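Engineer:
There are 2 protein chains.
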Amino acid sequence: MKNKKNELTKNQKIVLDFIQKSNKPVKAYSILSNVSKKGLKAPPQVYRALEKLIEVGEVHKIESLNSFVACNSKCIEPNGTIFSICKSCDQTTEVSNADLAKFLSDFKDMNGTQFSGFNLELFGTCKSCKT
Amino acid sequence: MKNKKNELTKNQKIVLDFIQKSNKPVKAYSILSNVSKKGLKAPPQVYRALEKLIEVGEVHKIESLNSFVACNSKCIEPNGTIFSICKSCDQTTEVSNADLAKFLSDFKDMNGTQFSGFNLELFGTCKSCKT
DNA sequence: GAAGATAGTGTTATAATATAACAAATTATT
DNA sequence: AATAATTTGTTATATTATAACACTATCTTC
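Chains as they are written, first to last, in this note's numbering: chain A, 1311 to 1441; chain B, 1311 to 1441.
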């Protein structure tokens, strides 16, 4: 059964807290070295926390960067993520666009079957890198 | 300068050939062990070939699987890839859907700026895994 | 509140994925 | 042929992620 209060555990909170404070996607080993003073000393502790945080939707993984970001709470679709990624500096933003989210959620394959999830990564150049 | 005939080199051909013969995304080390009899004995040889093949569009990387597939030559968009991935068996198909490709290519961020590329991974269950 | 079930922790070791660096060989251009 | 550029072969190592196991904490049910 589940945690009664459905709360995050100590390690999960520590990891989430660090990710939320970061303004860019962070890598697992960067998380590890940054929270080592809080007692997390080995990779599995971080990866386990990440696994749970992703499962409950607090964190997303940016596959093309092998990095993790906190959900900006504007997640329109529960089963899909949309990110814009700066090719130059890796700055990443979760995209909240109802039209796009709907289009992707409703999208069906050739047989008319709907997909259960999606991950979209849009690559471009962020404002600061343009100037 | 470039290869005069703009042809692939020996190693690149070997790697591409193996990927094309596979009917699923293949991992770099799987490629390595499968082409070792053809003389490629170390990871960099495979990764370098992959880098080139991706650059010229013959191969795509499936980020969420750390795997590689041959382009099915139905690539509608030169700067974007769309794949459907079976959550159960990893069977992967490149999706050729003009509407979707156009929607993504034309998509602009909040500032009206177009993106230069995209990668979409759609997750579902393939036919064989459904039955 | 004790017994059993479930989930989380700490730890060590190792697997899987990917790149740096450099010398040698090949191919293209002059 | 001399030069430049690319590709190759090779060793070593960096980076990302998980297996396995003993232990602890929490939840559920009685």
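For glycine and all other residues, C-beta sits at the position ideal for the given N, C-alpha and C. Bear in mind the structure is a predicted one, so any value in this text is a computation, not a measurement.
In this structure, what does DSSP give as the bridge partners for PHE1433/B?
Structural biologist: Along the second sequence, read from residue 1 onward, the residue named residue 1433/B stands at position 123. Note: PHE1433/B sits in a beta bridge opposite GLY1427/A, ILE1395/B.
Engineer: Pull out every residue of the segment 1346-1374 of chain A whose Cβ sits closer than 7 Å to any Cβ of chain B, in chain order.
Structural biologist: GLU1373, SER1374
Engineer: Less than 8 Å between the beta carbons of ILE1372/A and THR1402/A, yes or no?
Structural biologist: Position 62 of the first sequence, counting from 1, holds the residue named residue 1372/A. Position 92 of the first sequence, counting from 1, holds the residue named residue 1402/A. Going by C-beta atoms, ILE1372/A is nearer than 8 Å to THR1402/A.
Engineer: Taking the beta strand (DSSP E) that PHE1378/A belongs to, which residues open and close that run?
Structural biologist: The count along the first sequence starts at 1 and reaches residue 1378/A at position 68. Run containing PHE1378/A: 1377-1380, per the beta strand (DSSP E) assignment.
Engineer: Apart from the five residues just before and just after MET1311/B, which ones in its own chain have a Cβ nearer than 6 Å to its Cβ?
Structural biologist: Here the question's residue 1311/B lines up with position 1 in the second sequence. Note that MET1311/B has pLDDT 35, beneath the 50 cutoff, so the model's placement of it is unreliable and the number below is only indicative. Nothing listed; no residue qualifies.
Engineer: Closer than 6 Å by C-beta to GLU1387/B: which residues in its own chain qualify, once you throw out the five before and the five after it? Chain order, please.
Structural biologist: Position 77 of the second sequence, counted from the start, is the residue given in the question as residue 1387/B. Correct list, in chain order: ALA1411, SER1415.
Engineer: Classify GLN1322/A: buried if its beta carbon has 16 or more other beta carbons within 10 angstroms, exposed otherwise.
Structural biologist: In the first sequence, counting from the first residue as 1, residue 1322/A sits at position 12. Buried.
Engineer: Do VAL1369/B and LEU1360/B have their CB atoms nearer than 8 Å?
Structural biologist: By 1-based counting over the second sequence, the position of residue 1369/B is 59. By 1-based counting over the second sequence, the position of residue 1360/B is 50. Contact flag set, yes.
Engineer: Rounded to whole angstroms, what is the Cα-Cα separation between PRO1354/A and LYS1418/A?
Structural biologist: Position 44 of the first sequence, counting from 1, holds the residue named residue 1354/A. Position 108 of the first sequence, counting from 1, holds the residue named residue 1418/A. Approximately 37 Å, taken between the alpha carbons.
Engineer: When we look at the beta-carbon of CYS1436/A and count the other beta-carbons within 10 Å, is it buried (16 or more) or exposed?
Structural biologist: The residue given as residue 1436/A occupies position 126 in the first sequence. Buried is the call here.
Engineer: The segment 1410-1426 of chain A: which residues have C-beta closer than 8 Å to a C-beta of chain B, in chain order?
Structural biologist: The segment 1410-1426 of chain A vs chain B, Cβ under 8 Å: LEU1410, PHE1413, LEU1414, PHE1417, ASP1419, ASN1421, THR1423, GLN1424, PHE1425, SER1426.
Engineer: Measure from the alpha carbon of ALA1338/B to the alpha carbon of each residue in LYS1347/B, VAL1325/B, GLY1349/B, then state which is nearest.
Structural biologist: Residue 1338/B sits at position 28 when you count from the first residue of the second sequence. It is VAL1325/B whose Cα lies nearest to the Cα of ALA1338/B.
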